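Since the structure comes first, as structure tokens, the remarks are kept for the end.
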């Protein structure tokens, strides 16, 4: 019976974590909308801005942005349409693509970054306080 109680407590923790995550993502989407970005789009721009030469292989970007390949492909198509990223084929492996941050993408990211950080600070403190105390 103790195992079932532990599993139920674990499931309740998971439910609370998902609720905090969803509330934070909604707040990020709402506030980043002023910059014509979603939270996932901002995350991709951030990953690219921190990469060497502001460029990453699509597979690496999918892993670091925590998106599936198909979700990332759709997201990159939108960012490319808006002129925020570009694609280029890998010279060594024509099946692979590199995604590169454009100058417009750098500007949009720099403009949106303070908003994202403010939302994380103001809305995410209950998530991050919990994580810090668990460490």
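In this note's numbering, the protein residues as written are 942 to 1076.
Using N, Cα and C, we set each Cβ at its ideal position, and we do this for glycine too.
All values derive from a computational prediction rather than experimental measurement.
Review point. On the three-state DSSP scale, how would you describe residue 1041?
Key: Strand at residue 1041.
**Study point:** Helix, strand or coil at residue 947 according to DSSP, with G and I counted as helix
**Key:** helix
Check your understanding: Since residue 1016 is in the alpha helix (DSSP H), which residue starts that stretch and which ends it?
Key -> 1010-1022
Check your understanding: How would you call residue 1031, buried or exposed, if buried means at least 16 neighbouring beta carbons within 10 angstroms?
Key -> Label assigned to residue 1031: exposed.
Point to revise | Cβ-based neighbour list, residue 1025, same chain, cut-off 7 Å, excluding 5 preceding and 5 following | key: These residues qualify, in order along the chain: 986, 1043, 1045, 1046, 1049.
Review point. How is residue 1036 classed by DSSP in three states: helix, strand or coil?
Key: Of the three classes helix, strand and coil, the one that applies to residue 1036 here is coil, per DSSP.
Point to revise | C-beta contact flag for residue 1145 and residue 1053 at 9 Å | key: Given a span of 942 to 1076 for the chain in the structure shown, any question on residue 1145 remains unanswerable.
Review point. Grouping DSSP H, G and I as helix and E and B as strand, with all else coil, what is residue 1030?
Key: strand
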